[in-house]
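A quick write-up on the structure given underneath.
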Amino acid sequence: MNRTIDPHEAAEKLREQINRHNRSYHQLDDPQISDAEYDLLLRELQILEATHPELITLDSPTHRVGAPPLKIFEEVSHVVPMLSLNNAFNDEEVIEFDRKIQEKLDQDSIDYIAEPKLDGLAISLLYQDGVLVQAATRGDGKSGENVTENIRTVRDIPLRLTGDFPPLFEVRGEVFMAKNSFEKLNKRAEEKGEKLFANPRNAAAGSLRQLDSKITASRALSFYCYGHGEFPAGNLPTNQAALLKIFKKWGLPVSSEIETISSIEGCIAYYKNLESRRPTLDYEIDGVVFKLNDFSLQNIMGFVARAPRWAIARKFPAEEAVTKLLDIDIQVGRTGALTPVARLAPVFVGGVTVTNATLHNLDEIRRKDVRIGDQVIVRRAGDVIPEVARVVLDKRNPSSTPFHFPEQCPICNSTVEKMAGESVARCSGGLFCPAQQKEAIKHFASRKAMDVDGLGSKLVEQLVDQNLIQNVADLYILQLEQLSSLERMGKKSAENLIAGLEKSKQTTLATFLFALGIRDVGEVTAQTLANHFGSLEAIKTADEAALLETADVGPVVAKHLMTFFQQPHNLEIIERLRQEAGIRWDDVTLGENSSQPLQDKIFVLTGTLEKFSRDQAKKLLQLLGAKVTNSISRKTDYLVAGENAGSKLEKALKLDITILDENQLSELLRKP
DNA sequence: CTACCTCGAGCTCA
DNA sequence: CTCGAGGTAG
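Convert by adding 731 to the 1-based position in the first sequence; the result is the number in the numbering used here.
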């Protein structure tokens, strides 16, 4: 059989074969060839691509075996935010959800879509001309991590779609690991004496966070899609059911458990049914989701805060386990608040090993009458913080006594105070209390505050314990030699810390204000105060009336601010930070009402910029309130095109989007 | 709150 | 090899 084969043709043919087999295997669940034969085809294509690099396409199935390791994951913004869902923990809450919908919509009948809530990771997939071009994690909902290389190795996810799809759209779904894949993975790890994963969700999350996608490729991950993100309005079907249908037609995997249901009673029955079948499913679910089917009705319902009003997650009851309460520790927080923490005999519940659980406050302990030595029921549902639900009273040691809440701070012995009406007790020691010192310093150095690199919690503990520092001003007079007495502190680490401190000196007023750790002055309030007053001097000397003029600031916060700035000790530390350490910032220029002139404008950057890196440009734009995203859509306001701009430029031209060159960008940044 | 990944650096032992 | 810091996820 000696004939000349056109390599291009051969590659195309192999790809088509492989994609077809993928499809019959994953979507139709009807494998036509053995795994070995499949691997053979894949290897053939790999060889062909290796010898003819020009044949490699973005959607080639060989990408499923992994790409070269990344340095870090890039950040990508979600054009349409990825929201969370409101939860219902019982049928009443589901009925309430339906009632509100009925009330607002006034329809004869309402269709819901019911689907299993998979316990995995939410992922956004971007398809351009039917090819998977970007995959991102949920992140904070606004932007997540670019995990495209890893996602490409997930066999359930088509790299190329078939059919009639819009040129650019976003699919959302859940990546997860099937129970049996998880067991196989752990069994293999066990044989090799490696560490085991705690549960399928963590295994999936861990696999996806791998910088080397070859490792991800070796972990059988699965995917089901459940919705859309960015999607051209003209192409969007009228409802969720139809959307899922076309997704399926294009080759995207959709769970076969999803149903359209025309009453809330039906939804509740669906939940009961799935709950009973939960153990027989090959994947973990933590509940079911009900969504209003019709998109136009969804629009009418709108959103509350960070969740849609047209969907709800009915969660399965929290898992419970019995364990022994070994001890109750009292933690002292930054503000002196005493928080009792239950130390528990390790118990596996809800997929993790729980050893600590907060008891919130004294009232909570009294209400539940939790005593050291009790057998207690620990509860954990999904991302819910574990809690001590109740005591198993018949197992209580008859000689036990109620927990004695300390009257003195366990750290500094100062009197414990409890304000009438407040449920928290506080240590009155203020900054003389080492615990409060430590927490204040940790807060000061934390990422959202001064962001001192190299100064972690363990190091702060050591520094305070060894009397090297007592407050944040002391940090900046630390000498290299002093650090050498500390554990795990070599020359390099010490230098890194000093450099981290140095770097933190250039800051902003808002950041500094937040870092001071004034009660009730969080990130947002600090920013508002900085914008309103412009300088620290103005805030320091402001009277109550002036403070109250600031949005977000009420009598309580105003009082905290004034008290803070009245204490000589605080003023001294601030002076030292500014004079001695040299902490500096540019005062905010007042007057421009709109410090965010580009508020809500959506920018996309493409091509190479000369004067700044893309990240810098992004930061600068965001500083002015703009939103910087990665892909062009109808919503994009400006495209900044550098050298060698490619398809994005074309697309922007097509959509009639304003295009800026680098000079125009600089101009805009200077004078928005 | 727990679990996971990655990195740099310190520690330990040859 | 182990630890801490810093990041992610639910």
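All C-beta atoms in this analysis are idealised placements derived from N, C-alpha and C, irrespective of residue type, glycine included.
These numbers come from a predicted model, not from an experiment.
Residue pairing by DSSP puts Trp1316 in a beta bridge opposite Thr1238. In this structure, Leu890 sits near Leu863, with a CB-CB distance shorter than 8 Å. Taking the Cα of Ser993 as reference, the smallest distance to any Cα among Val1019, Ile844 and Met1293 is reached at Ile844. In the DSSP assignment, Ala1052 falls within the beta strand (DSSP E) that extends over Glu1050 to Val1063. A straight line joining the alpha-carbon of Ala1276 with that of Met1181 spans about 29 Å. A direct Cα-Cα distance of roughly 44 Å separates Ser815 from Asn1144. Listed as beta-bridge partners of Asn970 by DSSP are Asp1025. With respect to the 8 Å criterion, Arg1040 and Gly872 are not classified as neighbours on the basis of their beta carbons.
Residues of the same chain with a CB within less than 6 Å of the CB of Arg1008, apart from the 5 flanking positions on each side, do not exist. Looking from the CA of Glu961, the closest CA among Lys945, Tyr858 and Ala1044 belongs to Tyr858. Using a Cβ distance threshold of 8 Å, Ser938 and Thr947 count as a contacting pair. Within the region 872-949, complete alpha helix (DSSP H) segments of at least 4 residues are found at 879-883, 910-922, 931-939 and 944-948, given in chain order.
For Ala1273, the three-state secondary structure derived from DSSP is coil. Listed in chain order, the alpha helix (DSSP H) elements of length 4 or more contained wholly in the region 776-832 amount to none.
Beta-bridge analysis with DSSP links Ala1073 to Ile1059 and Ala1088. Looking at Leu849, Thr884 and Asp850, the one whose alpha-carbon comes closest to that of Ala866 is Thr884. Counting the other Cβ atoms within 10 Å of the Cβ of Thr893 gives fewer than 16, which makes it exposed. Listed as beta-bridge partners of Tyr1014 by DSSP are no residues whatsoever. Put simply, the region 1197-1211 does not touch the region 1274-1294. Fewer than three CB pairs are less than 8 Å apart.
For Tyr1207, the closest alpha carbon among the candidates Ser1266, Ala1269 and Glu1306 is that of Glu1306. If you draw a 10 Å sphere on the C-beta of Met908, you find 16 or more other C-beta atoms in it, and that means buried. Ranking Phe1243, Gly1033 and Phe1079 by CA distance to the CA of Ile1108 puts Phe1079 first. In the DSSP assignment, Phe1243 is bridged to no other residue.
Per DSSP, the beta-bridge partners of Glu1148 are Arg1157. Contact between Phe1026 and Thr969 holds: CB atoms are separated by about 6 Å, below the 8 Å threshold.
Looking at the backbone, the Cα of Ala1068 and that of Leu1023 are separated by about 43 Å. The shortest C-alpha to C-alpha distance from Phe978 to any of Glu901, Lys1223 and Gly875 is the one to Glu901. When C-alpha distances from Lys1290 are compared across Pro1299, Lys1271 and His1300, the shortest belongs to Lys1271.
Taking C-beta atoms as the reference points, Leu779 and Pro738 count as a pair closer than 8 Å. In the three-state reduction of the DSSP assignment, Glu1118 falls in the strand class. Of the residues Gly982, Gln838, Ala936 and Ser1266, the one whose Cα lies closest to the Cα of Phe896 is Gly982. Its Cα nearest to that of Ala742, the residue Glu775 stands out among Arg751, Glu775, Ile764 and His752.
C-alpha of Ala1230 to C-alpha of Phe1296: approximately 30 Å in a straight line.
In the DSSP annotation of this structure, His1135 is not part of any alpha helix (DSSP H), being labelled neither H nor E. In summary, Gln1210 is exposed, with fewer than 16 beta-carbon neighbours lying within 10 Å of its beta-carbon over all protein chains present.
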